[in-house]
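Below is one structure, written out as structure tokens; the observations come after it.
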Amino acid sequence: MISIKKHNSLIWVDLESPTTEELESVGQEFNINQHTLRELKYPSDKPKVDVFNNFLYLILHFPKYGYGSKRDSIEIDFVLGKDFLITAHYTPSDPINSFSKAFETSSTLNKFDLESGGQIFFYLIKEIYKNTEEELIYIEGKLQEIEGTIFSENGEKILENLSRLNKELIDFRRIMRGHKEVFDSLEVSAAEFFGPQFSHYSNTLMGNRERVWNILEGNRETLLDLRQTSDSLFSARTNSIVRTLTILTFISIPISLIANIMGVNAENIPIVGHKFDFWLIWILMSAIAAVMLIFFRFKKWL
112 MISIKKHNSL IWVDLESPTT EELESVGQEF NINQHTLREL KYPSDKPKVD
162 VFNNFLYLIL HFPKYGYGSK RDSIEIDFVL GKDFLITAHY TPSDPINSFS
212 KAFETSSTLN KFDLESGGQI FFYLIKEIYK NTEEELIYIE GKLQEIEGTI
262 FSENGEKILE NLSRLNKELI DFRRIMRGHK EVFDSLEVSA AEFFGPQFSH
312 YSNTLMGNRE RVWNILEGNR ETLLDLRQTS DSLFSARTNS IVRTLTILTF
362 ISIPISLIAN IMGVNAENIP IVGHKFDFWL IWILMSAIAA VMLIFFRFKK
412 WL
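Just so you know, this note's numbering puts 338 at position 227 of the sequence shown, and the rest follows in order with no gaps.
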């Protein structure tokens, strides 16, 4: 599917799952070489920047937004020309759809002061990073919810939720890690292609990337602290249960020993045969258990 937006003499072409015919048409109109068209056709695993005489070609991956659903990435390819921007992606993108509506409205009202395809790219990346920040803020909210319930008894559920959020943050880091290298390369290439004045836009995008990365790292540090606290609490509760079971087992040993001795088939066993032998044995066992419990309480083992 192809979508074309215009602003004065500038053109933005958005391709979603482009067909060969659509790519050939765009390639002929904007003089895009065959190698780049082939790369636009299929997804790529790694981000990169390529510099050509009449355009810059970038590949970036972004988190696929779902507010806590299964984390995935979306690849967006950018072809930056002097007076055009071409974007290609293989799944729907909410930030691109949102920017498309804003771009169309702002172009109609002439709110955008645009002079090159690089500036369209700048505002589009800002919109995508804005959505990325919102997703990270959502994760931060989930971490605050867990922090409020971390001292509850349901430790296993908390560990499960922390593990899920940890998986999301790991995916975020994996996806966003390559952006720094791309923007470092773009800073030099764009300044040569669009002119020194474009360095301002490149530096702003690098600042936006840094802000997203800092939020991501802040969430990760919070999660690690919560994970450590939760592990400590869970371990303390487990140790308490094991200690209680051990003490109960220790108390039962002498009681079981007395019961076995009294059950031996032998003559002249003390108490056995007495009129109140059952109650005497029961009192003896209870007394031993009570003394041991008092001792454990005194030692603060219970």
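Here a beta-carbon is modelled for each residue, glycine too, at the ideal position from N, C-alpha and C.
In this text the structure is predicted, and so the values were computed from the model without any measurement.
CA-CA distance, Ile-239 and Arg-322?
13 Å
I'd like to know whether the C-beta atoms of Val-190 and Leu-167 end up nearer to each other than 9 Å.
yes
When the Cα atoms are used, what is the spatial distance from Asp-156 to Pro-206?
21 Å
What residue range is occupied by the uninterrupted beta strand (DSSP E) comprising Thr-202?
Note, Thr-202: premise wrong, no beta strand (DSSP E); not H, not E.
Just checking my contact of Lys-243 with Pro-158 at CB under 8 Å: how many whole Å lie between their CB atoms?
Residue identity check: residue 243 is Thr in the sequence provided, not Lys. Between Pro-158 and Thr-243 the Cβ distance is about 15 Å, and since that is not below 8 Å, they are no contact.
Helix, strand or coil at Pro-307 according to DSSP, with G and I counted as helix
helix
Hey, Ser-296 and Val-160: beta-carbon distance below 9 Å or not?
yes
Within 10 angstroms of its Cβ, does His-311 collect 16 or more other Cβ (buried), or is it exposed?
exposed
Where does the unbroken alpha helix (DSSP H) through Tyr-240 begin, and where does it stop?
228–260
Comparing C-alpha positions only, which one of Glu-226, Met-396 and Leu-327 sits nearest to Ile-286?
Leu-327
What is the residue span of the alpha helix (DSSP H) that Ile-152 lies within?
One point to set straight first is that residue 152 is Lys, not Ile, in the sequence displayed. Element bounds for Lys-152: 145–152.
Mind checking who Ile-122 pairs with in its DSSP beta bridge?
Lys-117 and Phe-195
Hey, how far is the Cα of Ser-341 from the Cα of Val-293?
38 Å
Neighbourhood of Leu-273 by C-beta, 8 Å cutoff - its chain only, sequence neighbours within 5 removed:
Ile-257, Leu-334, Leu-337, Arg-338 and Ser-341
By the 10 Å Cβ neighbour count, where 16 or more other Cβ atoms means buried, how is Arg-149 classified, buried or exposed?
exposed
When you compare each of Lys-410, Phe-407 and Ala-370 to Ile-394 by their alpha carbons, which one comes out closest?
Ala-370
Which residues bound the alpha helix (DSSP H) around Phe-141?
131–141
Proximal residues to Lys-181 (C-beta, below 6 Å), its chain only, five neighbours per side dropped
The predicted model places Lys-181 with a pLDDT of 49, which falls under 50 and marks its position as unreliable; any figure quoted below should be read in that light. Around Lys-181: no qualifying Cβ.
Which of helix, strand or coil DSSP assigns to Lys-175
coil
Our contact map puts Ile-352 next to Phe-407 with C-beta atoms below 8 Å; I'd like the distance itself, whole angstroms only.
Between Phe-407 and Ile-352 the Cβ distance is about 15 Å, and since that is not below 8 Å, they are no contact.
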